[in-house]
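Undergrad: Just passing along the structure, written as structure tokens.
In the working numbering, the protein residues as written are 254 to 742.
Written as structure tokens, this is what we have:
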């Protein structure tokens with residue numbers, strides 16, 4: 254017949270669960286089912302250890318560990334799934350499960366030495382576990398030493414690599430610093446060049462502005478002079494027009510006077526012709542003594558009158574009107590008058606044409622001067638606009654260059670701070686590893702094991718010294734082993 258003992262391997266509390274006490278398989282199965290219900294309620298994983306004991310010999314036949322999960326159904330299934338379990342135990346468990354083998358309470362009340370043997374086996378197991386733990390601790394210590402040596406080597410390698418990287422970084426920093434200085438020098442040169450070009454541009458603009466103002470002043474002076482000349486020319490033209498008009502009027506008056514004189518002379522010649530005809534008729538006919546008119550014959554004395562009449566017959570007759578007109582040369586007068594009129598008309602036409610030409614040229618010159626002034630003004634405005642645009646572009650480029658330089662400086666400062674922080678972390682790690690190198694390994698597990706061994710040895714010594722284990726097989730076996738050890742020493 255076989256019994257089973259259970260031991261808790263986790264901190265989950267299960268009510269009505271008996272540990273480290275021999276149980277029947279049926280009772281252990283009921284406890285396992287309750288633990289399974291507890292797992293389904295809480296979801297906490299439960300670890301147990303079981304040991305199968307033979308009642309007749311009191312020795313442990315098999316022990317193993319298992320976890321309670323949803324796949325767990327019964328203790329019988331757990332035992333059957335175990336490896337290297339004796340076949341008779343499997344058959345016994347199968348018989349208990351199938352009710353072919355009955356377990357009674359009598360079977361449980363076996364001799365006390367079975368429990369003591371179980372405890373001894375437990376102590377042996379614990380001893381073996383402690384020894385195994387010590388071996389494991391030694392292996393771990395050796396492994397830690399190996400790991401420590403490996404880490405130290407890695408740290409040394411890392412330190413060398415960091416020192417090399419630091420030297421390389423310093424070289425790169427020096428090279429980058431020289432590049433930055435060279436870039437700054439070039440930027441300064443470009444800045445000075447831009448400033449010089451700006452000053453030259455300003456000087457050129459100033460000269461152009463002065464030239465333009467001087468040219469504008471000159472054009473304005475010329476315009477004023479042209480206006481004065483135009484006024485003078487207009488005054489002269491008006492004067493010439495008035496003179497020509499006056500000459501034309503004089504010519505008209507001469508013409509009218511000549512026509513009047515011609516008419517008078519013509520009338521006088523007609524009168525003279527009439528008188529001549531009358532005189533001719535008087536010479537042909539007997540002369541009759543006409544009664545002298547009081548208007549024609551002057552009043553004189555009778556003796557004087559007869560004498561004048563006698564002398565009148567012998568005096569040369571006066572020139573007639575026709576003769577006077579012939580002597581006057583009326584055609585020459587007429588020609589002279591026509592020529593004067595023609596000359597006056599030609600002079601008027603030429604003066605008008607000249608005045609019109611001068612007015613047209615003056616208008617064209619004023620229009621050209623105005624157009625040139627407008628062109629100069631538009632060129633000046635375009636130049637000022639272009640100059641303002643270039644100034645704005647230049648200032649924008651300076652601002653962009655300044656922002657780029659500030660960004661580069663900030664970036665370099667951040668990179669240097671990151672590298673400094675990285676170097677500080679590396680040095681701290683190096684110091685920590687160097688400090689941990691001389692730190693003594695932890696002896697807490699070893700202390701715990703030694704304390705347990707000393708406690709067990711103390712308990713066994715007390716039992717042996719006071720002979721408290723009489724009648725208990727397990728203590729008898731322990732006493733026998735202690736006696737054997739003492740005899741050997």
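We put the CB at the ideal spot given by N, CA and C, even for glycine. Since the model is a prediction, treat every value here as computed from it, not as a measurement.
#1: Note down the Cα distance separating residue 645 from residue 478, rounded to an integer number of angstroms.
#2: Taking DSSP's pairing of strands, which residues face residue 373 in a bridge?
#3: Is the distance from the Cβ of residue 301 to the Cβ of residue 262 below 9 angstroms?
#4: Taking DSSP as the reference, what is the three-state secondary structure of residue 300?
#5: Can you confirm whether the region 304-317 touches the region 338-345 when touching is taken to mean that 3 or more C-beta pairs between the two stretches lie within less than 8 angstroms?
#6: CB residue 661 to CB residue 433, shorter than 9 angstroms?
#7: So, helix, strand or coil for residue 277, using DSSP?
#8: Leaving out five residues before and five after residue 256 in sequence, what residues of the same chain have Cβ atoms less than 7 angstroms from its Cβ?
#9: Going by beta-carbon coordinates alone, are residue 481 and residue 629 separated by less than 9 angstroms?
#10: Quick one: what's got a C-beta closer than 6 angstroms to residue 348's C-beta in the same chain, skipping five residues either side?
#11: Does the distance from the C-beta atom of residue 338 to that of residue 320 stay below 9 angstroms?
#12: The alpha helix (DSSP H) that contains residue 328, what's its start and end?
#13: In the DSSP assignment, find the alpha helix (DSSP H) that holds residue 255 and state where it starts and stops.
#14: Beta strand (DSSP E) containing residue 313: first to last residue?
#15: Using a 10 Å radius around the Cβ and a threshold of 16 neighbouring Cβ atoms, would you call residue 634 buried or exposed?
#16: The alpha helix (DSSP H) spanning residue 340 covers which residue range?
#17: Can you pull the DSSP bridge partners for residue 282?
#18: In whole angstroms, what separates the C-alpha of residue 283 from that of residue 377?
#19: Whole angstroms is fine: what's the gap from residue 539's alpha carbon to residue 512's?
#20: Exposed or buried, what is residue 641 when buried is set at 16 or more other beta-carbons lying within 10 Å of its beta-carbon?
#21: Starting from the Cα of residue 387, find the closest Cα among 493, 494, 703 and give me that residue.
#22: If we ignore side chains and look at the alpha-carbon of each, how far apart do residue 651 and residue 446 end up?
#23: For a minimum of 3 consecutive residues, which ranges assigned as the beta strand (DSSP E) are wholly contained in the region 422-473?
#24: Assign residue 504 to buried or exposed, taking buried as 16 or more other Cβ atoms, counted over all protein chains shown, within 10 Å of its Cβ.
#25: Give the DSSP bridge partners of residue 306, in chain order.
#26: Out of 659, 272, 259, state which residue places its alpha-carbon closest to the alpha-carbon of residue 332.
#27: Would you kindly check if the distance between the Cβ of residue 608 and the Cβ of residue 486 is under 9 angstroms?
#28: Less than 9 angstroms between the C-beta atoms of residue 747 and residue 709, yes or no?
#29: For residue 399 and residue 350, what's the separation of their Cα atoms in angstroms?
#30: What's the gap between the Cα of residue 427 and the Cα of residue 674?
#31: Do residue 327 and residue 286 come within 9 angstroms of each other at the CB atom, strictly closer than that value?
#32: Taking residue 444 as the reference, which of 493, 346, 383, 647 has the closest Cα?
#33: So, is residue 602 buried or exposed, given that buried needs 16 or more other C-beta atoms within 10 angstroms?
#34: Using three-state DSSP, classify residue 353 as helix, strand or coil.
#35: Grab me the residues of residue 383's own chain with a C-beta within less than 6 angstroms of its C-beta, minus the 5 sequence neighbours each way, in chain order.
TA: If we stick to the structure as given:
#1: Between residue 645 and residue 478, the C-alpha separation is close to 42 angstroms.
#2: In the DSSP output, where bridge partners are listed per residue, residue 373 has none listed.
#3: yes
#4: strand
#5: Taking one beta carbon from each stretch, the region 338-345 and the region 304-317 have 3 or more pairs nearer than 8 angstroms; the two touch.
#6: yes
#7: coil
#8: 275, 276, 277, 306, 308
#9: no
#10: 354
#11: no
#12: Following the DSSP letters along the chain, one finds residue 328 inside the alpha helix (DSSP H) bounded by residues 328-334.
#13: Run containing residue 255: none in the alpha helix (DSSP H); it sits in the beta strand (DSSP E), 255-261.
#14: 313-321
#15: exposed
#16: 340-350
#17: Paired residues: none, contrary to the question.
#18: 29 angstroms
#19: Residue placement at residue 539 cannot be trusted, given a pLDDT of 48 that sits under 50; what the coordinates show is reported in the next sentence. C-alpha separation (whole angstroms): 41 angstroms.
#20: exposed
#21: Looking at the Cα atoms, 703 is the closest of the given residues.
#22: 13 angstroms
#23: none
#24: Of the other Cβ atoms in all chains shown, 16 or more fall within 10 Å of the Cβ of residue 504; this residue is therefore buried.
#25: 256, 313
#26: 259
#27: Result yes, Cβ atoms of residue 486 and residue 608 sit closer than 9 angstroms.
#28: This structure does not reach residue 747, given that the chain is present from 254 up to 742, and the question cannot be answered.
#29: Distance between residue 399 and residue 350, taken at the CA atoms: about 52 angstroms.
#30: In this structure, the straight-line span from the alpha carbon of residue 427 to that of residue 674 is close to 19 angstroms.
#31: yes
#32: 647
#33: Here residue 602 is exposed: its Cβ has fewer than 16 other Cβ atoms, across all protein chains shown, within 10 Å.
#34: coil
#35: Result list for residue 383: 702, in chain order.
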